[in-house]
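In UniProt numbering, the protein residues as written are 1 to 440.
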Ligand SMILES: [Zn+2]
């Protein structure tokens, strides 16, 4: 009986081993197939719609040269540990000689902080073209536009992450970090370096210390010296209008927060067809982000209205198909995004000073509750968390499917084998007494 038991368990053990090996081989094959499939269907950069980074900056330079009365282009360079970076800054002031007038309302806009989000820099060019009056907004009265712009100084960083953008154009279409692998939107000092459970250095490497990166250093200096009233960090990947905080799932208290919320509500209504997600970055996007520019601008640089806009996202795109996921690929959508969002920015130019000047008597309390509702947050959190790093999700899903199938097969074959063994054992047990009974 002991020997039979041993044989039985040995057989079961071998069976388990075999099943495991089979499962392992199949997962590898399925993954390889999935990879092949994705590689085949990757969307390349549409060169008919998008400028190369170099051409875009050249075009901006030419635009500035054509309008020296309104525009100024400056290049700021910095570097450390064998890494060099430069950031180009365009300053707009309707009468340029007044650009240092501190009574003017100051707006700082950054585009292209993540390399793969090409559409954002195209929007920067579009806004500058409209500001220079080479292009006009539909249904915008020039007289009222001019009186709006008279009050402003606008600084635009069209492509914050030039080195990262180069990597994208060289073929690494999913790269969002800078030229040495640091995420420029995790390199700021507010709650820097904290890592969530599903932290992926490919996406969110915060660098060796807050402000370790030259690009972030340049942006911080620019923010501190310019001291803007409004900051907007423009990204793509979804459609959203975010305000602080990114590192926690709440919005700040008080009037400042209410002003921001009201402005975002208006923008959503006027230019986003109510589609945009609104609220704190950390509470709405589905994950907390630590060390972001917008949290720094609000908390440390004391910019009264600090935002992150997400201007486009294609959720239907495969997570590895980054150009398609982060950028419109057809002419109609490309133009629609640029039109809608340049209008949104001109609404900010018009309403921003009003919103800061006149504090509304009553902000919509019911809505502010809704924004930080823990149920909604958790729902979003659970839903979005899995897609935070799209490329992981796909592999995970394939893996899970295989595990389910093989677990079922494994159970079935184990039950069958056990049944066969048991029936043999019981056969053996039954036959012996019969044989021994024969002599009786
Ligand atoms: Zn981004």
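Beta carbons: idealized from backbone N, C-alpha and C, even for Gly. It should be emphasised that the depicted structure is a prediction, and the values quoted were computed from it without experimental measurement.
Nearest-angstrom Cα distance between residue 213 and residue 338?
-> The count along the chain shown starts at 1 and reaches residue 213 at position 213. The count along the chain shown starts at 1 and reaches residue 338 at position 338. Taking the straight line from one Cα to the other gives about 30 Å.
On a CA-only basis, which of 217, 98, 106 is nearest residue 86? Give me that one, please.
-> Counting from one through the chain shown, the residue named residue 86 turns up at place 86. It is 217 whose Cα lies nearest to the Cα of residue 86.
Using the beta-carbon count (16 or more within 10 Å), is residue 58 buried or exposed?
-> Translated into the one-based positions of the chain shown, residue 58 becomes position 58. By the 10 Å Cβ count, residue 58 comes out exposed.
With DSSP as the reference, please indicate the residues paired to residue 453 in a beta bridge.
-> There is no way to answer for residue 453, as the model of the chain reaches only from 1 to 440.
What number of angstroms, rounded off, separates the C-alpha of residue 52 from the C-alpha of residue 254?
-> On the chain shown, residue 52 is found 52 positions in, with the first residue counted as 1. On the chain shown, residue 254 is found 254 positions in, with the first residue counted as 1. The straight-line gap from Cα to Cα measures roughly 43 Å.
Terminal residues of the alpha helix (DSSP H) in which residue 106 lies = Mapped onto the chain shown, residue 106 falls at position 106. Looking at the DSSP string, residue 106 is not in any alpha helix (DSSP H); the run it does join, the beta strand (DSSP E), is 105-111.
Residue 86: beta carbon under 6 Å from a heavy atom of ligand 1?
-> Your numbering for residue 86 matches position 86 in the chain shown. Incorrect: residue 86 has no Cβ contact closer than 6 Å to ligand 1.
Touching by the beta-carbon criterion (3+ pairs, under 8 Å), the region 219-228 and the region 105-117 | yes
Does ligand 1 have even one heavy atom less than 6 Å from the beta-carbon of residue 117?
-> As a working mapping, residue 117 is identified with position 117 in the chain shown. Indeed, a heavy atom of ligand 1 lies less than 6 Å from the Cβ.
Residue 132 in three-state terms, based on DSSP = Taking the first residue of the chain shown as 1, we reach residue 132 at position 132. Looking at residue 132 - three-state DSSP - the assignment turns out to be coil, as it is neither helix nor strand.
Start-to-end residues for the alpha helix (DSSP H) that takes in residue 53 | In the chain shown, residue 53 corresponds to position 53, counting from 1. Run containing residue 53: 53-66, per the alpha helix (DSSP H) assignment.
With a cut-off of 8 Å, do at least 3 Cβ pairs link the region 161-170 to the region 187-205?
-> no
Is there contact here, the region 316-325 with the region 241-254, by at least three beta-carbon pairs under 8 Å?
-> no
Using the C-alpha atoms, what's the distance from residue 91 back to residue 99?
-> By 1-based counting over the chain shown, the position of residue 99 is 99. By 1-based counting over the chain shown, the position of residue 91 is 91. Their backbone Cα atoms lie some 8 Å apart in a straight line.
Is it true that the region 269-281 meets the region 233-244, where meeting means three or more beta-carbon pairs spaced less than 8 Å apart?
-> yes
Run through DSSP, which three-state label would residue 225 get?
-> Here the question's residue 225 lines up with position 225 in the chain shown. In the structure shown, residue 225 sits in a helix (DSSP, three-state: H, G or I).
With 16 as the cutoff for other CB atoms within 10 Å, does residue 64 come out buried or exposed?
-> Here residue 64 is taken as the residue at index 64 of the chain shown, counted from 1. Residue 64 should be labelled buried.
CB-CB length for residue 191 against residue 295, believed under 8 Å | Position 191 of the chain shown, counted from the first residue, corresponds to residue 191. Position 295 of the chain shown, counted from the first residue, corresponds to residue 295. Correct: roughly 7 Å between the Cβ atoms.
Exposure label - residue 147; buried when at least 16 CB within 10 Å = Position 147 of the chain shown, counting from 1, holds the residue named residue 147. The residue is exposed, with fewer than 16 neighbouring Cβ atoms inside 10 Å.
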